[in-house]
Structure formats: C-alpha cells, structure tokens
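Take the sequence shown: its position 414, counting from 1, is numbered 712 in our numbering, and each next residue is one higher.
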Amino acid sequence: MLRTSALKLMYRSSALRPATVMIAALCIGIPLMTCGAEDLTNLGGSLSTDLAGRHAIQASAPNVVGDARLAEQAAGFPLFHRTTTAQDGLGPTFINNSCAGCHVNNGRGPATLGVPSRGGSSMVIKIKPPGTLGDGSAPRVPRLGSQILEQKIGTPIKKGVRLTWVPVNGKYGDGTGYSLRKPKLVLPTSLKLPKKTIVSLRMSPALIGMGLLEAISDAELVGLSDPRDLDGDGISGRVNWVRDHESGGYSVGRFGLKATLPTVEQQSASALYHDMQITNSMFFEPGEALEATDQDLHSLAIYLRLSGVPKAQDQANSVVIEGKKLFSQIGCNKCHRTTFTTGSHSDPELSNQKIHPFTDLLLHDMGPGLADGWSEFSAGAREWRTSPLWGLGFSRRLANGKAVYLHDGRARTLEEAILWHGGEGASSQRNFKNLSRIQRQALLAFLNSL
C-alpha cells in the first residue's frame, strides 16, 4: 500500500491539462450544443486523478487531505484485497475469497467460469424462482440460495460449470458484416435446479466513482425518471425503489447491474454475504453469528467512496471531439447522461461536485436480446441500470486491452456493446449502424477516451 506521504507527493505533483482553448478552436462553425464544448477531462470533479495504473482507482482522491482522513480511506485497502479464510467467516462455499478476486485491481474481472482456481471465479451465476417476495426482493432457491457457489474451502473450483459462446451475425447500414456472441451457460446435471429456475450470469463491474454516484440526490434521479414516456422520446427510464437495510424502508437503488442496492456500504455488505458467505449486520440469517463488523463495512465503503476517478484523456483530439458530438447526435446521452452536480453528502469531499459519469442510474428496457428474466423490486426481466461510462478507456488499459462489457461479458469491444442495445436503446443502435466507418471509429475513440 502507498504511504500517506507518498500519496500527498503524487497529488501535489499532478497537473490539469486544459483543453478548452483547442476545443474552442476546433469547434468554430459547429453549433455549441452539438459540438459539446464542455471540457470533460475532470470526470470526477475534484476527485479526478492523474495517478497511473491501478493506483488511480485505489488510492485516495486528490481532495482527500489530512493524515487522519487519508488513513481512514486507506484502511479499507487491506480488507478489499486480502485473501479471506474460514477464520474470517469465508464459506464453506463461495464465489471468490477476496473482493479484489472479482474486481481485479478494483476494475472489471474477466468473463470466465469453471477455470480451476483456489481463489474462485470472477463471475456470478444468480438463481431464483420466478417472481418476487412480498417486499420486492428475489426469492431464494431451496437448498441452493441465491447464487451457485461452487467453490469450497481448500478445493479448486469444479469444472462442472462451463461457459461457451454462440455467434450472432449482423450487418451495418453500408453492408459491412459483424459478428457478436451470446453466452451459453452449461450447468452440471448434479446441480438439479428446480424447474422454471431463472438463471442470470453476471460479471463484476469496475468500481469507479462509487461515492459520487451515491452523492447524486434522490430528487434529481426521481426527476429524470419518465416511466410512461410522457415526453415521447422513446426513453422511459425509472427508479428502482429497493429495500434499504439501514432504514428499514425503501430508497432509490443505484448499485448493482439492476440498481438493487442504495448505498456503497450496503453493496459491500451484500457482496460479503452473497459472494463470500460472510455475515454482517445487514445480511444474515436468524441465529447466525456476525463475522464482519460494522467498522469493516465502514472501512470498505469509505475506501470505495473516496478513491480517485481517472481523468478523461485526449479531449482536445479532433477525432475525440467528433466522437463526442456523435454521441449526442445518435441519442446515447438520453440514458448515458453526461453531467450531474452532486448534492450534500456526509463525506464532504463528495459534496457539490460537477461530475461526468455518463449514466442516469435508472432502469431501462434493453430489449429481448439482453433480457435475463430476472425481476427484483421495480426492475423487470428486460431492464438494466444504465452503466456509467466514466473510466471505460482506463478499464481497457488496466485489462491490457482485454476488457469485456455488458452484464455478462458478451461484448468483447465497445462496438459490440452498442450493437447489443435493443428496446429503449434500439434507436441509438440503429443510428450507430448507419454511421460511416470513420464516424463509428470517432465515436469509439471518444468512448475510449473516458
């Protein structure tokens, strides 16, 4: 772990790279709104960092100052990255034996299952009967719970679960062909799932800007929702109202691929319990001893909330500027909302920050191609939360160009991810397909700059 003094030195030596003048020069003759003249370099506001590699999303953000505050954020690092054992409460069955085992370097994990490993998988196979419980939560499968946990203490992961890929072909508007893939999950016959069990394959997302997403006000997200599409723009995003395990009531869901958890701390607590079977004060069965303390949950949450957000790159590049313009022109910004200003937060570093997460945190119908049949709280079988796009290029660099996308890792490139959009995203997908090859490359250059 980096020492506090070293962190201070890195932050003091970082410098902004203003691009406003060059962007303005390149945008002469283009309408201001379509050019998108706003400089997006500081995606995370004052939490934007120039640190290289994994340190950018693991170390404290630049506006976290003072030895005590830096130490508080850093205290979550060993909890997140350590290999847990049975003495820590792990198991007896689990997905992975560390948080970082799924969220590699705090980024995305690979789309692999059934690979022999003593750490475990980086993907989750969620299971449930049809429908929801009275409070809207997902029911558990008798004897098996809510996820397939094949890893056992001291035993490499079984090879019974296999992930294969089925090709799906299509064509662009200019006749150029492309090939996508969709996952085919093969489960061992010994598993004996009840009939009609819903199975949903999920990959681990990058953990970037979590605290800033938490700091966007509920009122603003509710104001963005338009469940009946009253404005007629074809977009009917809506809030997922979910169980709040702290208040006992319901809150705006923000985290998870279907926005099923309202805060970073509850997301961390849920992952400990469901992925590692480590009980805590929010997730446990009656009679179970609590294995993670509330201080553990706090440390994990503040570590993630106050980590840095990588800056966008190359925002003065003419191709990136053209891609940014196309992003709005084909309608991507209708769901991937560019800019928010956060509200007040208990962590003052997160308050009143102008940020560019490229999400509205709302549920959207993404069509039958991406449907997984999973309903939970307000989320339906074809609905997914709009994924934040900040850090896309960083995630790709962190994974040495091998990052995968969408909820199940089916998209090997950002191009493939766009081509899978259906439902409310179908119009943008059609617009993308009808762009010229050079225009498509410009849009992808913009996305990879984030």
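Built from N, CA and C at the ideal position, the CB exists for glycine as well.
Quantities reported herein were computed from a predicted structural model and do not represent experimental measurements.
Query raised in the report: Going by Cα to Cα distance, which pick from Arg479, Thr382 and Gly387 is closest to Asp706?
Result: Numbered from 1 along the sequence shown, position 408 holds the residue referred to as residue 706. Checking every option, the nearest Cα to that of Asp706 belongs to Arg479.
Query raised in the report: Which residue comes first and which comes last in the alpha helix (DSSP H) that contains Met664?
Result: Your numbering for residue 664 matches position 366 in the sequence shown. From DSSP, Met664 is part of no alpha helix (DSSP H); its letter is neither H nor E.
Report task. Can you tell me the Cβ-Cβ gap for Met763 and Leu499, rounded? I've got them flagged as a contact below 8 Å. Result -> Missing from the structure shown is residue 763; the chain here goes from 299 to 748 and no further.
Report task. Count the other C-beta atoms from every protein chain shown that fall within 10 angstroms of the C-beta of Leu742, then say buried if there are 16 or more, exposed otherwise. Result -> Mapped onto the sequence shown, residue 742 falls at position 444. Buried, since its Cβ has 16 or more Cβ neighbours within 10 Å.
Query - Segment limits, beta strand (DSSP E) that includes Lys424 - result: Numbered from its first residue, the sequence shown carries residue 424 at position 126. Met421 to Lys426 is the extent of the beta strand (DSSP E) around Lys424.
Query - Alpha-carbon spacing of Ser435 relative to Phe675, whole angstroms - result: Residue numbering aside, residue 435 sits at position 137 when the sequence shown is read from its first letter. Residue numbering aside, residue 675 sits at position 377 when the sequence shown is read from its first letter. Across the structure, Ser435 and Phe675 are spaced so that their CA atoms are roughly 6 Å apart.
Query raised in the report: Among Asn404, Phe392 and Ile425, which has the Cα closest to the Cα of Ala697?
Result: Start at 1 with the first residue of the sequence shown, and residue 697 comes out as number 399. Comparing Cα-Cα distances from Ala697 to each of Asn404, Phe392 and Ile425, the minimum goes to Asn404.
Query - Check: Leu604 C-beta below 8 Å from any heavy atom of the ligand COA - result: Ligands in the displayed structure: none, and consequently the ligand COA is not present.
Query raised in the report: When the Cα atoms are used, what is the spatial distance from Gly671 to Arg708?
Result: Your numbering for residue 671 matches position 373 in the sequence shown. Your numbering for residue 708 matches position 410 in the sequence shown. C-alpha separation (whole angstroms): 17 Å.
Report task. Give the secondary structure of Lys493 by DSSP, where H, G and I count as helix, E and B as strand, and everything else as coil. Result -> To locate residue 493, count along the sequence shown from 1; it is residue 195. The answer is coil: DSSP assigns Lys493 none of H, G, I, E or B.
Query raised in the report: Are three or more beta carbon pairs between the stretch 630-641 and the stretch 386-401 nearer than 8 Å?
Result: Put simply, the stretch 630-641 does not touch the stretch 386-401. Fewer than three CB pairs are less than 8 Å apart.
Query raised in the report: With 16 other CB atoms within 10 Å as the buried threshold, where does Pro686 fall?
Result: The count along the sequence shown starts at 1 and reaches residue 686 at position 388. Buried: at least 16 other Cβ atoms inside 10 Å.
Query - Rounded separation between Leu559 and Gly473 - CA only - result: Translated into the one-based positions of the sequence shown, residue 559 becomes position 261. Translated into the one-based positions of the sequence shown, residue 473 becomes position 175. In a straight line, the C-alpha of Leu559 is about 43 Å away from that of Gly473.
Requested in this report: Given a cut-off of 9 Å, decide if His379 and Ala398 are closer than it, judged by their beta-carbon atoms.
Outcome: Along the sequence shown, one-based indexing puts residue 398 at 100. Along the sequence shown, one-based indexing puts residue 379 at 81. Going by C-beta atoms, Ala398 is nearer than 9 Å to His379.
Query raised in the report: Which residues in the same chain as Asn650 place their Cβ atom closer than 8 Å to its Cβ, once the five residues preceding and following it in sequence are excluded?
Result: By one-based count along the sequence shown, residue 650 stands at place 352. If we look at Asn650 and ignore the five residues flanking it on each side, its Cβ neighbours are Thr639, Thr640, Gly641 and Ser642.
Query raised in the report: Is Gly407 buried or exposed, if buried means 16 or more other CB atoms sit within 10 Å of its CB?
Result: The residue given as residue 407 occupies position 109 in the sequence shown. Buried, since its Cβ has 16 or more Cβ neighbours within 10 Å.
Report task. Could you check the C-alpha separation between Pro715 and Asp612 for me, to the nearest Å? Result -> Counted from its first residue, the sequence shown places residue 715 at position 417. Counted from its first residue, the sequence shown places residue 612 at position 314. Sequence check: residue 715 is Ala here, not Pro. Going by the C-alpha atoms only, they are around 22 Å apart.
Query raised in the report: Using DSSP with H/G/I as helix, E/B as strand and the rest coil, what is Thr391?
Result: Counted from its first residue, the sequence shown places residue 391 at position 93. In this structure, Thr391 counts as strand in the three-state DSSP scheme.
**Report entry** Residue of Tyr703, Glu512, Thr462 and Trp688 minimising C-alpha distance to Leu779
**Finding:** Coverage of the chain is limited to positions 299 through 748, which leaves residue 779 absent and any answer about it impossible.
Query raised in the report: If we ignore side chains and look at the alpha-carbon of each, how far apart do Cys400 and Ile628 end up?
Result: Your numbering for residue 400 matches position 102 in the sequence shown. Your numbering for residue 628 matches position 330 in the sequence shown. Cα to Cα, Cys400 sits roughly 34 Å from Ile628.
Requested in this report: Counting only runs of 4+ residues fully inside the stretch 557-591, write out the alpha helix (DSSP H) ranges in chain order.
Outcome: Listed in chain order, they are 562-574.
Query raised in the report: Taking three-plus beta-carbon pairs below 8 Å as touching, is the stretch 545-564 in contact with the stretch 658-668?
Result: yes
Requested in this report: Within the stretch 621-703, note down every full alpha helix (DSSP H) run reaching 4 residues or more, in order along the chain.
Outcome: 690-696
Query raised in the report: When DSSP builds the beta bridges, which residues end up paired with Met501?
Result: By one-based count along the sequence shown, residue 501 stands at place 203. Answer by DSSP bridge pairing, in chain order: Met421.
Query raised in the report: Should Leu717 go down as buried or exposed, given a rule of 16 or more other Cβ atoms within 10 Å for buried?
Result: Counting from 1 along the sequence shown, the entry for residue 717 is found at position 419. When all chains shown are included, Leu717 counts as buried.
Query raised in the report: Gly429: which of Ala679, Arg695, Leu570 and Gly689 sits nearest, CA to CA?
Result: On the sequence shown, position 131 is the one that residue 429 refers to. The option with the nearest alpha carbon to Gly429 is Ala679.
**Report entry** Simplified DSSP state of Tyr476, which is helix, strand or coil
**Finding:** Locating residue 476 in the sequence shown gives position 178, where the first residue counts as 1. Here Tyr476 sits in strand by DSSP.
**Report entry** Cβ-based neighbour list, Trp682, same chain, cut-off 8 Å, excluding 5 preceding and 5 following
**Finding:** Position 384 of the sequence shown holds residue 682. Once the five neighbours on either side are set aside, the close Cβ partners of Trp682 are Leu555, Lys556, Leu661, His662, Met664, Leu668 and His705.
Query raised in the report: If we count the other Cβ atoms within 10 Å of its Cβ and call it buried at 16 or more, is Pro465 buried or exposed?
Result: Translated into positions along the sequence shown, residue 465 becomes position 167. Answer is exposed; the Cβ neighbour count stays below 16.
Requested in this report: Could you check the C-alpha separation between Leu345 and Ser747 for me, to the nearest Å?
Outcome: The residue given as residue 345 occupies position 47 in the sequence shown. The residue given as residue 747 occupies position 449 in the sequence shown. Whole-angstrom Cα-Cα distance: 18 Å.
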